[in-house]
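Enquirer: I have a structure I would like to understand better, so I am pasting it below and will then ask my questions one at a time.
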Amino acid sequence: MPRMARAAGYPERPIHVAVPFSAGGAVDIVARTVMQQAGPQLGQPVVIENRPGASGNIATAFVAKSDPDGYNVLIAANNLATNEALFDSLPFNAEKDLEPVALVGYSPLILVVQPQFEAKTVKDLVDMAKAAPDKLTFASAGTGTSGHLAAEIFKQVTGIQALHVPYKGGAQAMVDIIAGRVSFMFVDPVQGMPQIRANQLRPVAVSSRERLVLLPDVPTVTEAGFPGVEATVWWGFLVPAGTPKEIVSRLNKEIDLALGDQKVKDSLREMGAVVKGGSPEDFRAFIKSETERWGNIIRTAKIKAE
């Protein structure tokens, strides 16, 4: 069937969305929240398929190598911008093999400590680290994850030393930060807010330009006196390169409409997200900027995926 005819009748069957991480995490929740609204608008079922593994590369490669017909969609996160620098080789070229559709939004990370931890402010934490350079440790869900990279920016900007303790996933890292076995951690709101509300963790600062709506009394790291520590988790949808522009435009239109729905906005804001939307070109420019920025940070810190 000619491409124009395929595009004109799109969609004619269910659309599959590949999620690079396990069910129940932030990326999975975002995909389900948006597509629950976009699916009925498109007039076809949307099937969410979790394809975790290799820091998101399995799902990304699957969609990158799929037919460019709009029936396999990727929801990507920061890994799309960081993996190029973290891995020596990838089974795809993100810039050439994928077509951006729409940026959903982003959420800052929260710098947390155990409630009894002696540092009450960012300055306290920095002073403590400089007084005893070998004392502080920080946890992450794994090498190259958003929490790890946020802490690396924090170290670069503040000039402190702290030992990275990577875990195989966020759950065990949270157990040890709550128990006080590590000094601090950068967590996303989906992961951190339940423990903050339960007074199991204490927020010190957030890693964005503006304060987190869910924590209006917690300063940004910039407000705390250390500008330049900006790190967010973000999400967006992409399709294989070569997908007809009419299909990309249709998906973009329906995703943007879904992001304007009040229930969707409320659900995403409960996750601490700033909802964005916008054109495919906007998202392409965003990915390029993020890839360059994180690549520089990763290379400076000499980080490689394990």
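Counting with the working numbering, you get residues 19 to 324 for the letters of the sequence shown. All C-beta atoms in this analysis are idealised placements derived from N, C-alpha and C, irrespective of residue type, glycine included. These numbers come from a predicted model, not from an experiment.
In the DSSP assignment, find the beta strand (DSSP E) that holds serine 158 and state where it starts and stops.
Expert: Residue range 155-158 is occupied by the beta strand (DSSP E) that includes serine 158.
Enquirer: What residue range is occupied by the uninterrupted alpha helix (DSSP H) comprising glycine 188?
Expert: 188-197
Enquirer: Between the alpha carbons of alanine 25 and leucine 269, how many angstroms are there, rounded?
Expert: 11 angstroms
Enquirer: Flag this pair as touching only if the segment 99-112 and the segment 66-80 have three or more C-beta atom pairs under 8 angstroms; answer yes or no.
Expert: yes
Enquirer: Within 10 angstroms of its Cβ, does proline 117 collect 16 or more other Cβ (buried), or is it exposed?
Expert: The sequence shown places glutamate at residue 117, rather than the proline named in the question. Glutamate 117 is buried by the Cβ-count criterion.
Enquirer: Leaving out the 5 sequence neighbours to the left and right, which residues in its chain are closer than 8 angstroms to glycine 187 when beta-carbon positions are compared?
Expert: Ala159, Gly160
Enquirer: For alanine 189, count neighbouring Cβ atoms within 10 angstroms of its own Cβ and tell me buried if that reaches 16, exposed if not.
Expert: Counting Cβ neighbours within 10 Å, alanine 189 comes out exposed, since fewer than 16 surround it.
Enquirer: Does the Cβ of arginine 69 have 16 or more other Cβ atoms within 10 Å, making it buried, or fewer, making it exposed?
Expert: Residue environment: arginine 69 is assigned as buried (16 or more neighbouring CB atoms within 10 Å of its CB, all protein chains considered).
Enquirer: State yes or no: is the C-beta of serine 225 within less than 7 angstroms of the C-beta of alanine 242?
Expert: no
Enquirer: Apart from the five residues on each side of it in sequence, which residues of its chain come closer than 8 angstroms, Cβ to Cβ, to lysine 153?
Expert: Result list for lysine 153: Met146, Ala147, Ser201, in chain order.
Enquirer: Just curious, the beta strand (DSSP E) that methionine 203 is in, first and last residue?
Expert: 202-205
Enquirer: Apart from the five residues just before and just after glutamine 209, which ones in its own chain have a Cβ nearer than 6 angstroms to its Cβ?
Expert: Gly188
Enquirer: Below 8 angstroms CB to CB, which residues in the same chain sit around isoleucine 273 once its five sequence neighbours on both sides are set aside?
Expert: Hits under 8 angstroms: Val52, Ala56, Val119, Ala120, Val122, Phe255, Gly295.
Enquirer: Apart from the five residues on each side of it in sequence, which residues of its chain come closer than 8 angstroms, Cβ to Cβ, to alanine 180?
Expert: Ala147, Leu154, Thr155, Phe156, Ala169, Lys173, Ser201, Phe202
Enquirer: So, are the CB atoms of leucine 92 and alanine 36 less than 7 angstroms apart?
Expert: yes
Enquirer: Please identify the residue among Met192, Asp85, Pro298, Ala323 whose C-alpha is closest to the C-alpha of phenylalanine 204.
Expert: Closest by alpha carbon: Met192.
Enquirer: Nearest-angstrom Cα distance between proline 262 and tyrosine 89?
Expert: 12 angstroms
Enquirer: In the DSSP assignment, what are the bridge partners of leucine 116?
Expert: Pro258
Enquirer: Given this structure, state the Cα-to-Cα distance separating glutamate 136 from glutamate 113, to the nearest angstrom.
Expert: 45 angstroms
Enquirer: Counting Cβ pairs closer than 8 angstroms, one from the segment 276-294 and one from the segment 219-233, do we hit at least three?
Expert: yes
Enquirer: Name the DSSP bridge partner or partners of isoleucine 76?
Expert: Bridge partners of isoleucine 76: none, in fact.
Enquirer: Out of Gln134, Leu60, Arg220, Trp312, state which residue places its alpha-carbon closest to the alpha-carbon of asparagine 97.
Expert: Minimum Cα distance to asparagine 97 is reached at Trp312.
Enquirer: Under the three-state reduction of DSSP, which class applies to valine 282: helix, strand or coil?
Expert: helix
Enquirer: Assuming alanine 94 is part of the beta strand (DSSP E), what are its boundary residues?
Expert: 90-94
Enquirer: Rank Asp206, Pro151, Tyr124 by C-alpha distance to the C-alpha of threonine 163 and give the top, closest one.
Expert: The option with the nearest alpha carbon to threonine 163 is Asp206.
Enquirer: Using a Cβ-Cβ cut-off of 6 angstroms (strictly less than) and excluding sequence neighbours within five positions of threonine 176, which residues of its own chain qualify?
Expert: Within the same chain, and ignoring the five residues on either side of threonine 176 in sequence, the residues whose Cβ sits closer than 6 angstroms to its Cβ are Val144, Phe244.
Enquirer: Count the other C-beta atoms from every protein chain shown that fall within 10 angstroms of the C-beta of glutamine 132, then say buried if there are 16 or more, exposed otherwise.
Expert: buried
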